[in-house]
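**Q** Protein chains in written order, with UniProt numbering: chain A, 1 to 627; chain B, 1 to 627; chain C, 1 to 627. Mind looking over this structure? Questions follow.
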């Protein structure tokens, strides 16, 4: 007992129910209640755990007690066998003092020094995992997470009343198991208010403090990006908080160069932060998953699969449902049905994207939405540029590691941002000339295709040289870039002779090519990039405004240069004009792709070309990014 | 020894071979056999483990023994070093009493109370798993399954003579490991007859008793279904038996609404029963796998994959090969090649289906075949309706949990069963109005599409509210139903303008639509459902007999209303008439789909339509189920 | 100390730095260096671990020592507390003798007998695996591999300075864990030269010795194959070495009959060798993976995936990158881009193939290339025939197990090798008649299709009866062969009526068939085999030279009989003549397949047929193998 004892005989202690015999002392007085009447006296409780006898001989002659009666007693003696002897105290002029057990609550971070001790822990249940043997509760306090094990019966859930995300008090012995510290639970209680609220507040405060992003200086001075830094800090804060709360993160990103420049640094930053905050070496595998998206938006199939995985992990490993982090994807109306599906579960969503956003559709479903258009900027700030800053706000260990990445991102998306020259200079200082940066961008594209929907972690790390091997990087990039170039040449050899040209009403050059008939199927580059390459050649060749359409059986890829298109508007108009054509699509304003019903292909293309022929020419719109 | 000893000197014991020195006593007499002749006497065996010397000095003068001679001896003394001294007994007027070792065979269910004891177990080897360290034998007796470990050398198979499914006697010490009880094997012997047969009989009897299905009352009184109850009880019995024998179950089901209403309750029931009968929390993951089928029948590819998985699990985890449970699939001739493939391995097959069956083809390969047609009923008894009853016969914990499921199954398959009103009433009492039930059915369909061939356990549980979360269910179903409806509308917008109409010879309205040309490819709903939705609109629109054909490059989906088609017959006729068209197909009588060689598409369609034009109209055939 | 001590007072020992007090003895003399000067004397070091005092009273009057001074001392006394007392020795006429610690280095294979002892191990770090608890170093010496565990902090990498493939000295206690022997590391040091080089040499020598292939006699006497035996022995040596060095092997093989006859025996041989050389029962799962290839060559996608898996295993399990073993694939120029990609990583490549090779393209990237063409032989020596010999060189346990396999391989590839009759006789002696061998070949083909890109280990083992179950084999093969035949008949029923015939300039019969239009799509047999079956029928039907072309939208399968085609040359010519057609292809000289851009299909076919019409007829070229 750590409280000081009073000698004042007028003091009567009221013991809290969990007090043990450690909380009493001969000569002290306690509030007691009769719990049994026997021939030779009455038994009284002074707490849940402390009882004793008031012998008949010590009672007043006329005394008569019934079970449930309250009285005041003084502890007269503790017998050798531990039995307690109380004497009744007359009168009612007492000062009552509450006495509760003063736990010495241990911080998780100190457990390693207390192996063999019985300790008290207080925290939130971050995971409940039933093994074939014991049940494992992972309990998180302000300083860390400790596995606490309880055994009821082999494979049987112990303490079924204790749920994920409850706040609890654990009593148990600290032991080591295969080198890890764990607590063998003697008792675990769900805390009630006010203790519960108090603890939750403390945990939240501790998390909030530790979630505070790293203070960074931007890699380059760039007013356009500065306006987004607060938004990025908020995303960094939420991601760090998510890690600290042991909630898994599922990262979905656009499967192209900019998407990888965005996702790989954030992945590395989160892995570093997980390593720094979780004892378990496997934590980063459980808590973070990076997945390229199949489509240029978040498809319902992907969301269904993500949800399904999350629910299975919850059921099988007692994990929280994940947070979804969308990178270089996620800002458009096409993403919202999938978001809405996740909204029915407890799955927060964060978006960092530079595609033309539809905040009205998206914002009701997401917890953060960072997009340059929301700050009056545009796609020239690529997602990779933003995410390099984001990664640096998440982990302090990245300084100097990412200097080349914004330039790669910019080249990948052909960004004409003012800051490109600064980024190129920064990359140059880090040992990357522009040609090599361009090679990285091509190599990323090529690997993205080869890996399909596998994240290809280690390999991509080498290609981008973020968390990879520098020597391999220098070796691998030129090789892959050359393979990519050869493959592009092969595709162009097949396609170029079949590209059709016409000059349309607004004097733009219109090129069309059937990318399924006149290109190698299922080979790199895919129709989108093949169209882009043709387009780029034609832009250089003509030096005039160019529109290029790569047509497939139920899709068309659109590229334009020097023409003011509004693809979202065209999609909407085509839908009105051609009922039954089922036109949909997306991308940037002047560059994107549309889908339609195969049987309406000719009608859709005719109508589309008519619209394009009417579009205004605009010198400013040259060399826009590819989606 | 627990038997009482006789003082009657005329008694001679015949010891069973496994008796040890515990089974003998000085002064008792035993049948013995000479196993060695030495200068100073002969050595005799009284059991495999008990031998001793008959000293020359104790023999009759003229005695002469050879190895193999039988005699009767009395135990004269046990020396300090354990050596036994026997004396020969003359005469032949003995009463022979058999004495065998009286093991105190421990029941598996009592092991937890005997930690530290050396015990005897008898049972069947249900699994042999070689780990990097010891070999683990899982031994099953009448009361449960115990892991028994033996260590020969790291990673080396101990007791290679003991195989899966042998019956064995184990001697070993009970210990706990990570909270689980296990037996460290001192000795394990394969039992010979008669002990082996006796034990197998006892195990079989115990399994038979525990496999007896739960006594249930049907959810609604329905004579048509009552006829099937005995068949379903037999399936329930076999499934419970399969669980008790630790044989894995692989469940394949039709990937549609009725298929899920059939499979999800049976899955839950089996999981509950596994939990109740297996200590290991992971058992349900090892013993049960639910998989939607790709095709409307059991394809050879699926069977090959199932077999391959089963063989790998056998090789790697020492598991038995699985039992195959086919639900809402499996009754047709098209399933038989796959069944025949499994027949070459020890894989029992159970079928519960309501598609038009071909018992002659199917029954030779299956252990049970439940189908309403086999009882003079038809597809109106959906598989979901049957399987809800089946699930309740498997697990007693399901009461009240499944009241809404038969109605969903009926709506999914548009059943016109008389009992539909009772099922709808039952669901209404459980809080489900018809519109909501219909929404569940649409939501299931939508999720089945989104999940492709993933079982999507937890998510589907929520959608159907079987083993799921009620709150989420109420929240999720309207959302998914609405998404499904939007997607259907989008598909119909594209398709409807291109539906072609003609009136054929029998006055039916024939509608045809190219579902690849005039629908969104690879998007929900797939061609089958798209055709169905068009058909339903046309039925309502015309109020007359309608046939709808959704045509693809190598398939056609057929829907009819008010026309007496016989699709299996048409397929057979088309095959005769159009050699080289490769027509195949299946489904219900009046609703189904056919496949053909792409180059013969026009000829097949022409011939098909001709046949349909000849079909009889029939007022009774309205609103048939979709496959 | 095991070295003998000298009494010669002129001897002065120079102790190696790692000597402990075990290496010294009172009365001996040592080279020492002053490490501290105090009031009462100087402290000297005689090794890193051994220091002591030279007391002032024992020094010459005029002596004056500074830190760093060298002197010779004699050990005068060892005090009770272990302190050492040295006396300086005057003079310089000494014989210096080096004394180093004589570890009793334990061999891994002896550890099981030394549980509880502290031992020294020396070897190469074959794997570094970080668990949630300790770090596990798997240390390989000349006799085996031992897991050595070190605990720094839960989940934290211990001894981060020790890397994969370092050679190390481990001191630690031998213990058993779940029956496996392991060493709990007290200290682990990376060895420096010369000790490192010495150890590496010893390990290499030991590996080289153990890697020496099994001495075998060929299954049949066949001069053509004899020329390849040395090459095969070299591959066997490298594979055994790879296993001994714990490097994983990734086996890619052609997904057809010959490919399986090649890969399954080698897989079994390697598994047996792994079992014989690795304690861990799981080793074969970690060290060997067999994968059928999607394409008839090693695609960049496959290489990317293989690389990605290898890198992930390296990152997660600390494994070495794999060796790639190409079987019945890998000899052609089309394989080289993928090889080049792997070349950027430390991934050795071995090739055994019988397709027309391009050694100039291939050999720069591979460590071994076995191909009959490189020895003046041709495709008639199938890869299966070669690999049966290879397997027998890897594992001595295979004798008699593979006698039927070369015949199956030969029949699968329709080999007209002289040795076929010997192989058929060998198989007959093993109980296989020709019809049954043919059935095996058809069954393999069928299973290869059904399994797609799954290796289907156990199932294929049964079909081929290599490491499978004989009884099942006998049962399964006729069943699968019959299913395959039925499926072929069904495909031919659809295709045959649509086969077009013409007689071309060289008088050969040319048959063409659209294999996508007039065959069942996505069903067995695939276009290649369907074309082959049509071809075979036409060869028999006409008895004349036949060319058959199975055409798809962007490919054509070519079969010829009695016509001297040179497919690689035709591909090259077509590419020159038809820019934009993107013709590519491969296979054997007279049998193969080409790919092209769909929009150029007619032009390509016309040009192709023209070339074929010009080809020379050649009686010798009948019944060539199918690719």
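All residues carry an ideal CB built from backbone N, CA and C; glycine is no exception. All values reported here derive from a predicted model rather than from experimental measurement.
Under the assumption that residue 567/C contacts residue 592/C (Cβ atoms under 8 Å), give the Cβ distance between them as a whole number of angstroms.
**A** Rounded, the Cβ-Cβ distance is 4 Å, consistent with contact.
**Q** Which term fits residue 35/C, buried or exposed, when burial requires 16 or more other beta carbons within 10 angstroms of its beta carbon?
**A** Residue 35/C should be labelled exposed.
**Q** Give me the residue from 119/A, 290/A, 224/A and 236/A with the minimum Cα distance to residue 378/A.
**A** Taking only the C-alpha atoms, the option nearest residue 378/A is 224/A.
**Q** Between the region 403-416 of chain B and the region 381-389 of chain B, are three or more C-beta pairs nearer than 8 Å?
**A** Contact holds: three or more Cβ-Cβ distances are below 8 Å.
**Q** Name the DSSP bridge partner or partners of residue 138/B?
**A** For residue 138/B, which the question treats as bridged, DSSP gives the partners 127/B and 147/B.
**Q** Three Cβ pairs or more, each shorter than 8 Å: is that satisfied between the region 219-235 of chain B and the region 327-342 of chain B?
**A** They do not touch, by the three-pair rule.
**Q** Residue 583/C by DSSP, collapsed to three states: which one?
**A** If DSSP states are grouped into helix, strand and coil, residue 583/C belongs with coil.
**Q** DSSP on residue 423/C, reduced to helix/strand/coil?
**A** Residue 423/C falls in the helix class under three-state DSSP.
**Q** What are the boundary residues of the beta strand (DSSP E) that includes residue 612/B?
**A** Premise fails: residue 612/B lies in the alpha helix (DSSP H), 601-614, not in any beta strand (DSSP E).
**Q** For residue 317/A, count neighbouring Cβ atoms within 10 angstroms of its own Cβ and tell me buried if that reaches 16, exposed if not.
**A** By the 10 Å Cβ count, residue 317/A comes out exposed.
**Q** Take the Cβ of residue 628/C as the centre, count every other Cβ of all protein chains shown within 10 Å, and call the residue buried at 16 or more, exposed below.
**A** Outside the displayed span of chain C (1 to 627) sits residue 628/C, for which this structure offers no information.
**Q** Let's see if you can read the secondary structure: which residues bound the beta strand (DSSP E) around residue 110/A?
**A** Here residue 110/A belongs to no beta strand (DSSP E), and DSSP marks it neither H nor E.
**Q** Quick one: is residue 483/B near chain A, going by C-beta distance under 9 Å?
**A** True, the Cβ-Cβ gap to chain A drops below 9 Å.
**Q** Residue 621/B: beta carbon under 8 Å from a heavy atom of the ligand NAP?
**A** Inclusion of the ligand NAP in the displayed structure is not the case, the ligand content being empty and no account of it being possible.
**Q** With 16 other CB atoms within 10 Å as the buried threshold, where does residue 81/B fall?
**A** With fewer than 16 other Cβ atoms within 10 Å, it is exposed.
**Q** For residue 111/A and residue 172/A, what's the separation of their Cα atoms in angstroms?
**A** Rounded to whole angstroms, residue 111/A to residue 172/A spans 11 Å at the Cα level.
**Q** State the DSSP-derived secondary structure class of residue 189/B, mapped to helix, strand or coil.
**A** Note: residue 189/B maps to strand in three-state DSSP.
**Q** Establish whether the CB of residue 479/C and some CB of chain B are separated by less than 9 Å.
**A** Taking Cβ atoms only, chain B reaches closer than 9 Å to residue 479/C, which makes this a yes.
**Q** Candidates 466/C, 551/C, 541/C and 431/C: which alpha carbon is nearest residue 498/C's?
**A** Checked all of 466/C, 551/C, 541/C and 431/C; the closest Cα to residue 498/C is 551/C.
**Q** Please specify which runs of the beta strand (DSSP E), each continuous and at least 3 residues long, are wholly inside the region 477-524 of chain A, giving them in chain order.
**A** 500-503 and 509-514, all fully within the region 477-524 of chain A.
**Q** Chain A partners of residue 581/C, CB-CB under 8 Å?
**A** Within chain A, the residues near residue 581/C are 494.
**Q** Based on the DSSP output, what are the partners of residue 167/C in its beta bridges?
**A** 124/C.
**Q** What whole-angstrom Cβ distance do residue 264/B and residue 460/B have, given they're in contact under 8 Å?
**A** That pair is a contact at about 6 Å.
**Q** Tell me, please, whether the CB atom of residue 357/C is closer than 9 Å to any CB atom in chain A?
**A** With 9 Å as the cut-off, residue 357/C does not count as an interface residue toward chain A.
**Q** Is residue 560/B helix, strand or coil when you go by DSSP?
**A** If DSSP states are grouped into helix, strand and coil, residue 560/B belongs with the strands.
**Q** Within the continuous alpha helix (DSSP H) that includes residue 333/B, where are the two ends?
**A** From DSSP, residue 333/B is part of no alpha helix (DSSP H); its letter is neither H nor E.
**Q** Expressed to the nearest angstrom, what Euclidean distance is found between the alpha-carbon atoms of residue 230/B and residue 221/B?
**A** The straight-line gap from Cα to Cα measures roughly 15 Å.
**Q** Quick one: using the 10 Å Cβ neighbour count with 16 as the cut-off for buried, is residue 569/C buried or exposed?
**A** It counts as exposed.
**Q** What first and last residue would you give for the beta strand (DSSP E) that runs through residue 453/A?
**A** Per DSSP, residue 453/A belongs to no beta strand (DSSP E) and is neither H nor E.
**Q** With a threshold of 6 Å on Cβ separation, who are the neighbours of residue 267/C within its own chain once the five nearest residues in sequence on each side are excluded?
**A** For residue 267/C, where only same-chain residues beyond five positions count, the Cβ hits under 6 Å are 290.
**Q** So that I know if they touch, is there some Cβ in chain A lying closer than 9 Å to that of residue 556/B?
**A** Output row for residue 556/B: interface = no.
**Q** Which ranges does the beta strand (DSSP E) cover as unbroken runs of at least 3 residues, wholly within the region 205-279 of chain A, from first to last along the chain?
**A** Runs of the beta strand (DSSP E) inside the region 205-279 of chain A: 249-253.
**Q** CA-CA distance, residue 479/B and residue 527/B?
**A** If you take the alpha carbons of residue 479/B and residue 527/B, they lie about 23 Å apart.
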